[in-house]
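Numbers given in this note's numbering equal positions in the sequence shown, counted from 1, plus 438. From the three backbone atoms N, C-alpha and C, an ideal C-beta is built for every residue, glycine too.
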Amino acid sequence: MARFREEGGAGPMRVFIAGIDGYLGWPLAQHLAARGHEPAGVDALLRRAWVAEMGSDSAVPIASVDERRAAFRDHFGVSLPFSPVNVRDHTALGRLLRDVAPDVVVHLAECPSAPYSMIDFRHADFVQGNNVSGTLSLLFAMREHCPDAHLVKLGSMGEYGTPDVDIPEGFFEVEFRGRRDVLPFPRQAGSWYHWSKVFDSQNVAFACRLWGLRATDVMQGVVYGSWCPEDPRLNSRLDFDEAFGTAVHRFCCQAVTGRPITPYGSGAQRRGLLSLADALQCLTLALENPPAAGEYRVFNQLREVLSVGRLAELVRGAAHRLGIEAYVSAVDNPRAEAEQHHYHPDHEKLPALGFRPSAPIEDELQRLLRDLLPYADRIADHAGSLPPTVRWRPPPTAAPAPTAASVPAPTATSTPPAAAGVRNPPEEGKGNERDTAPGHADRGRGTGRPARTA
């Protein structure tokens, strides 16, 4: 942090982005380079494989890694160090951190999908193992190779759940039996994925207390919006399938393909939202204003709170203003979540650092729809991935439970689950090519029906 602080917070920083190929990571690298910082990063390209596994693709075409590197060099005049390393590869990650010597590490390298984690045991196990172990690997690598660097870790507002009280920024003061203390606000996550984020937050806080690391844990709301510069090689991905597409992106892709906009259940669920441009502004403010050594701080990163039903109506209205006939038709809620609930999160720390919201959501939605319209046919080709098939509480099967006498003893020739048609997440370190997504070739594009266990 020395170079940045010596220059009064205005000098260039070396910023290492874990997850640099993703929806946030790729625009962040460009945004930071435009501000004079020096981005570098890693990405195992697993997001490309996960989305393919769901029978989908980015709504906006994205370039290969080599094409992205070339475009970055053409537009910013410098090379982008971009390594296909999995953050769980602790040795390789450590070498990179030693070589880059970053001032800031931005951790975006996780599987960011609640539905994906709820498919079955294998996916829940993969998401928690990938996310928690990856964060631990990064924490130990930072301790060993860049202990003075500032970690900006992407958390989720979903960690908090929907308590019947206001949500502070990470900590709150409590009085109990005549004593007072400041404690972490309780977490009530609603998916195996969101619990992995809770575990990450606790591990990062512990590393700060134990080793004196400095960290900002960003509890981010739902981010929406496209990143489509004039050079298409600089496009960021935009997913719309049931697992990796946010509600905003799913609604907009439904609208441009003439399909009903489908909020889940009553649509009364309330969530924090912010545009991609605002998310980049917030992350930049966080990394340019580091905490002290040993400090663990939490920012709630959102601009506004809206119900899912209101969001669907805003998308419908934005579509109509562009001459797109769109309508809203709710579907049964596949999730186990409160639909009528209090939701009032604090978000004061980022405005105190200078965050100023950009365009209103109505304008952002129109811009997003305009960017998606040229790819309506591409989206329609994968529209089968839009309807929800993953359920938080699957209905019980009609078959009777097997008895001990009816279960054959395992043999050396027993068919492993993968060979029996069970969809598997990519193995660690794999996923660099699209055809490594298990089950992708069997599912067929646009089916939207992943292979499942019986």
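Non-local beta-carbon contacts of Tyr734 in its own chain, meaning distances under 6 Å to residues more than five positions away in sequence, involve Ala643, Cys646, Ala653 in chain order. Non-local beta-carbon contacts of Glu680 in its own chain, meaning distances under 8 Å to residues more than five positions away in sequence, involve Met492, Pro553, Arg688, Ser823, Leu824, Pro825, Pro826, Thr827, Val828, Gly886 in chain order.
Just measuring C-alpha positions, the residue of Lys787, Leu718, Ser674, Val769 sitting nearest Asp809 is Ser674. Taking each of Trp464, Val525, Arg533 in turn and checking the Cα distance to Ala501, the smallest one comes out for Trp464. Fewer than three Cβ pairs drawn from the segment 751 to 769 and the segment 659 to 667 lie within less than 8 Å of each other, which leaves the two stretches out of contact. When the Cα atoms are used, Arg805 and Ala693 turn out to be separated by approximately 14 Å. Between Asp716 and Arg794, the alpha-carbon positions lie close to 8 Å from each other. Remark: C-beta atoms of Glu607 and Asp784 approach each other more closely than 7 Å. Per DSSP, Asp638 is one residue of the alpha helix (DSSP H) stretching across 630 to 649. With distances taken between CA atoms, Ala790 lies nearest to Leu723 out of Ala774, Glu548, Asp819, Leu723. The continuous beta strand (DSSP E) containing Leu712 extends over residues 708 to 713. If you check the CB distance, Ala478 and Val525 do not come in under 7 Å. Around the C-beta of Ser704, fewer than 16 other C-beta atoms lie within 10 Å, and the residue is accordingly described as exposed.
Ser575 carries a helical assignment under DSSP once its states are collapsed to helix, strand and coil. When Cβ pairs closer than 8 Å are counted between the two stretches, the segment 767 to 783 is seen not to touch the segment 811 to 820, the count staying below three.
For Arg507 and Pro834, the gap between their C-alpha atoms comes out near 49 Å. 7 Å or more divides the Cβ of Gly659 from the Cβ of Leu546.
In the three-state reduction of the DSSP assignment, Gln739 falls in the strand class, which pools E and B.
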